[in-house]
Amino acid sequence: MAKKKIPPRVDNMRRALAQEAARIMSEHGIRDFLVSKRKAPESLGVTDNAVLPKNIEIEDALAEYQRLFGGDSHVESLYAQRSAALEAMRQLREFEPRLVGAVLSGTATQHSDVQLHLFADRAESVAIKLMDAGIAHEVTERRVKMNAERVLAYPGVRFEIDECPIEATV
841 MAKKKIPPRV
851 DNMRRALAQE
861 AARIMSEHGI
871 RDFLVSKRKA
881 PESLGVTDNA
891 VLPKNIEIED
901 ALAEYQRLFG
911 GDSHVESLYA
921 QRSAALEAMR
931 QLREFEPRLV
941 GAVLSGTATQ
951 HSDVQLHLFA
961 DRAESVAIKL
971 MDAGIAHEVT
981 ERRVKMNAER
991 VLAYPGVRFE
1001 IDECPIEATV
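For what it's worth, this note's numbering labels the leading residue of the sequence shown as 841, then goes sequentially.
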């Protein structure tokens, strides 16, 4: 079946909204795509919610925004975040850490947390490891939307490495 062709006017509006959402995320430290997706139409005076961009469109626009306006400060901030991620992954290597999210994709802002996925039979094992290493942390819960009807809660921990916030989901 052929895909419907999107009219150029709608496509241009979606692109403009994605770019505005990306600007909002970068400049205001907003990490949630939905929040930026709601603020962008207000900022541009758009009332038709049918033209809202998808998250991937906003993420692409964010990468473009940072390439154009981020300069050396974006590169330095991303380097610091990735260095902190590497140190955290070394500390937690027994839990097979995986870097995910904006720091991995390169779209992180200076306000972004480093996001890790860890694998353990018991989430408490991660907290114990951090305590043994003398790393102050907070136990958290992350809600992950699997589909429209299904949301799962996963345990996690928040801590800092070199003043860089790390959010690890177990």
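Glycine is no exception: its CB is placed at the ideal position from the N, C-alpha and C atoms.
Among the options, nearest to residue i - alpha-carbon criterion
i, options, result
"D851", "S876, K894, L874 and G869", "K894"
"M971", "V991, L932, N987 and E1003", "L932"
"A880", "A856, D900, V979 and I896", "A856"
"G996", "L944, G974, A967 and N987", "A967"
"Y994", "E981, I896, F909 and D1002", "E981"
"E934", "V943, A948, A924 and F959", "F959"
Range covered by the alpha helix (DSSP H) that runs through residue i
i, result
"A877", "Sequence check: residue 877 is Lys here, not Ala. Run containing K877: F873 to L884, per the alpha helix (DSSP H) assignment."
Beta-carbon proximity list for residue i, same chain, < 8 Å, skipping 5 on both sides
i, result
"G946", "A903, Q906 and L918"
"L884", "A856, L857 and E860"
"I898", "A858, A861, A862, M865, F873, S876 and K877"
Sequence-distant residues of its chain with Cβ nearer than 6 Å to residue i (five each side left out)
i, result
"P1005", "D953"
Inter-residue spacing [alpha-carbon to alpha-carbon] between residue i and residue j
i, j, result
"L892", "H914", "27 Å"
"R1029", "D961", "The structure shown does not extend to residue 1029, since the chain is modelled only from 841 through 1010, so no value can be given for it."
"I975", "E1007", "13 Å"
Other residues of its chain near residue i: CB distance less than 7 Å, five sequence neighbours each side excluded
i, result
"I870", "I864 and S876"
"E1000", "I1006"
Sheet register partners of residue i (DSSP bridge)
i, result
"H957", "R938 and T1009"
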